[in-house]
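Reading through the structure tokens given below for one structure.
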Amino acid sequence: MRLAYVVALTLALAFTAQQTALAQQPSNSVKLIPLSQFYSLWKASQNVSATRAQNITFLDVRPKTLYQLSHVPDARNVPSQDARKVASQFDSRKRRVDPTKAVACYCTMSSTAVAACNEFAKLKAYSKVNVYALNASFSDWVVAKYPVEKSGKAGH
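Read in order, the letters of the sequence shown correspond to residues -23 to -1, 1 to 133 in mature numbering (1 follows the signal peptide of the UniProt record, and there is no 0).
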């Protein structure tokens, strides 16, 4: 009898832990994509005749100083430590990230891009759009000789 109680309690605790872990996972999973696919998304977003059919916001989640030196053209700077705040305040006019548009993040490390993208993916407001993270670094973008832009100010 005592053994049955211990087993039942263990199973109940395991189930509760599993449900808690699932609840903490993003409702929309981040899609880790290779450099060539990330570039294709960016290139399609630049096609004005397609009326921005890709409907995507590119986020540079590196620190502001790195963003100012060089970034993917038309990308917005949302440093990774600010991603949670920016994601949850999607209706804010400052550094707005429209929840009706897909989100694509890049950084100096793909793990940081994924972490920043997760802040968007876990919110219900972004549950109907794709959330992408570059499975490479911004340095790889530069080495591939894809276009870059420089600015004297962040927030683009």
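Glycine is no exception: its CB is placed at the ideal position from the N, C-alpha and C atoms.
Practice task
Return the residue from the list Ala64, Pro56, Leu46 and Ser47 that minimises the CA-CA distance to Ala79.
Solution key: Ala64
Handout entry: Alpha-carbon spacing of Ala(-1) relative to Lys99, whole angstroms
Key = For Ala(-1), the predicted structure reports a pLDDT of 41, less than 50, and the residue's modelled location is therefore unreliable. A value from the coordinates is still provided. Cα-Cα distance, rounded: 10 Å.
Exercise for the section: Starting from the Cα of Leu12, find the closest Cα among Thr85, Tyr44 and Lys62 and give me that residue. Expected result: Thr85
Problem - Within 8 Å, strictly: CB atoms of Ala81 and Leu43 - result: no
Problem - Minimum length 4: unbroken alpha helix (DSSP H) runs contained in the stretch 11 to 47 - result: 12 to 22 and 41 to 46
Practice task
Take Val125 as the anchor and find which of Phe97, Val91, Ser87 and Ser47 has the nearest alpha-carbon.
Solution key: Ser47
Exercise for the section: Using 10 angstroms around the beta-carbon of Ser116, count the other beta-carbons present and answer buried if the total reaches 16, otherwise exposed. Expected result: exposed
Practice task
Report all residues from its chain with a CB closer than 7 Å to the CB of residue 136; omit the five preceding and five following residues, and keep chain order.
Solution key: Any answer about residue 136 is impossible in this case: the structure gives the chain only from -23 up to 133.
Exercise for the section: Measure the alpha-carbon distance for Asn24 versus Lys62 and round it to whole angstroms. Expected result: 30 Å
Problem - Exposure of Ala121, with buried meaning 16 or more beta-carbon neighbours within 10 Å - result: exposed
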